[in-house]
Each structure stands twice: as structure tokens, then as C-alpha cells.
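J.: Here you go, one structure.
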Amino acid sequence: MEMHPFYQVLDPYLIYFYRLTGHVGVDFVIGTLVLAGIAMLIGEVSVFLAFRFTRKRFGEKTAEAEKYQNLSMDALKAGNKEAYQATNKLANDAFGHSFFQQLTLSAAFLWPVFFALAWMQYRFLEVEFPIPGTNWSLGFIGGFIIIYIAAYLALKRLPWFRRLKGILESYLNNGSVLTPEISPKAKGEHP
């Protein structure tokens with residue numbers, strides 16, 4: 233299988249980290265850790281840029297969902313079932329828009345992983361790692377996923393990552409959209 237020209241340009245730089253020590257297993261872990269870190273950083277920058285461009289719209293949809301949720305709760309407390317159902321439907325629609333914007337931000341974090349795995353396929357398609365004590369083995373994708381998760385857990389402690397996550401979480405957890413009020417019936421009160 234011939235390597236795509238895009239990967240041919242990157243290949244000498246990426247494969248360098250897979251040849252540092254001369255020990256195959258150690259080099260695979262180091263190289264994959266570097267590749268996972270690069271994919272993660274590109275993903276974080278993508279999320280940051282996507283959020284930057286959609287922040288206003290996201291804020292509007294979140295505020296709209298919160299407004300309709302509050303109106304539906306007021307209608308429920310007043311005993312107006314028709315108004316409650318109508319405003320609750322509007323709140324659900326606005327929450328759906330907000331939810332899918334959050335989902336899109338999550339996808340922006342993961343897209344570089346597929347490019348990393350595509351490059352690894354050219355280099356490590358036939359490589360398998362036996363799992364001790366079993367007859368099974370793990371391919372390059374399984375190895376990458378394990379190392380990627382470990383890199384994520386390690387890199388998320390960096391100040392830049394924590395700051396970015398804090399900004400995103402402040403918008404995602406804003407208001408009562410994700411933490412709805414308890415209805416009067418759930419509290420044991422009657423409307």
C-alpha cells in the first residue's frame with residue numbers, strides 16, 4: 233500500500249519518535265505517546281476555535297432553553313397544563329439545539345485521531361501485541377487507544393487544558409439547562 237502524499241511529508245518527522253531507543257516496544261510507546269499528544273493538542277485547538285466561532289449562538293440557545301424551562305415551571309406551578317406542555321416543548325427543542333452543539337464540540341476534539349490512525353495504518357498494519365496469558369493480541373488501533381487515554385489523563389492536568397475546560401464547562405453548565413429545577417410534585421408540594 234502506497235502512502236498518501238500528505239503522510240509522506242509528515243512521515244519522517246513522526247517516525248523519528250518510533251526510533252529513539254532501538255527497543256521496539258519502548259519506541260512504539262514513545263512514538264505513539266507523541267502522536268497521541270499531537271492529535272490531542274490539535275483537537276483541543278479545534279474545540280477552542282469552534283467554540284470561539286459559535287460561542288454567541290451557543291449562549292443564545294442556552295439562554296433560550298433556560299427561559300422556556302423557567303416559563304414551563306411557572307406554568308406548572310400555576311396549574312396551567314396547556315401552557316406547561318407548550319413551553320416545555322419549546323424548552324426541549326432549544327435544549328436539543330444546545331445538546332447537538334455540545335456534541336459537535338466533542339467531535340472537533342476527536343477528528344485528529346483518525347488522521348493519526350490513518351498514518352499508523354501505513355506503518356503498523358501488520359503489528360500485533362500479544363496479550364499475556366491469553367491467545368489474543370492487540371493491533372495498532374488498540375495500542376493507540378490505550379496510549380491516547382493515558383496521554384489525555386496526563387495532559388488534562390496542564391494549566392492550558394484546565395483553563396480551556398473551565399471556559400467550556402462554564403458555558404455548558406450555565407443555568408438550569410443541564411441541572412433542571414425539581415418540580416413541585418417531586419419536592420412533595422402540590423401546585
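Those letters in the sequence shown? Residues 233 to 423, per our numbering, in order. Cβ coordinates follow ideal geometry from the N, Cα and C atoms, glycine included. In this text the structure is predicted, and so the values were computed from the model without any measurement.
1. Beta-carbon within less than 6 Å of T226's beta-carbon, same chain only, minus the 5 sequence neighbours each way: which residues are those?
2. Within its chain, find whatever has a CB closer than 8 Å to the CB of Y239; leave out the 5 residues flanking it on each side and keep chain order.
3. Within 8 Å, do at least three Cβ pairs link the stretch 322 to 332 to the stretch 287 to 304?
4. Suppose you measure from the CA of R289 to the CA of H329; what does that come to, to the nearest Å?
5. Determine, using beta carbons only, whether G275 and W343 come nearer to each other than 8 Å.
6. How is E234 classed by DSSP in three states: helix, strand or coil?
7. Looking only at its chain, what residues have a beta carbon closer than 7 Å to the beta carbon of I414, apart from the 5 residues adjacent to it on each side?
8. Going by C-alpha to C-alpha distance, which of I247, A382, M272 and L246 sits closest to F393?
9. Enumerated in chain order, which unbroken segments of the alpha helix (DSSP H) with a length of 4 residues or greater are wholly contained in the stretch 308 to 365?
10. Determine the extent of the beta strand (DSSP E) in which G371 is found, giving its start and end residues.
11. Cβ atoms of F249 and V266: under 8 Å apart, would you say?
12. Quick check: A348 and A282, are their CB atoms within less than 8 Å of each other?
13. Taking just the CA atoms, how far does G375 sit from I363?
14. Going along the chain, which residues of its own chain have a beta-carbon closer than 6 Å to the beta-carbon of F356, five neighbours each way excluded?
T.: So, from the data block:
1. Not covered by the structure: residue 226. The range shown for the chain is 233 to 423.
2. A350, W351 and Y354
3. yes
4. 10 Å
5. yes
6. coil
7. Any reading at I414 is ruled out, since the residue's pLDDT is 37, under 50, leaving its predicted position unreliable.
8. M272
9. 313 to 356
10. S369 to G371
11. yes
12. no
13. 11 Å
14. F372
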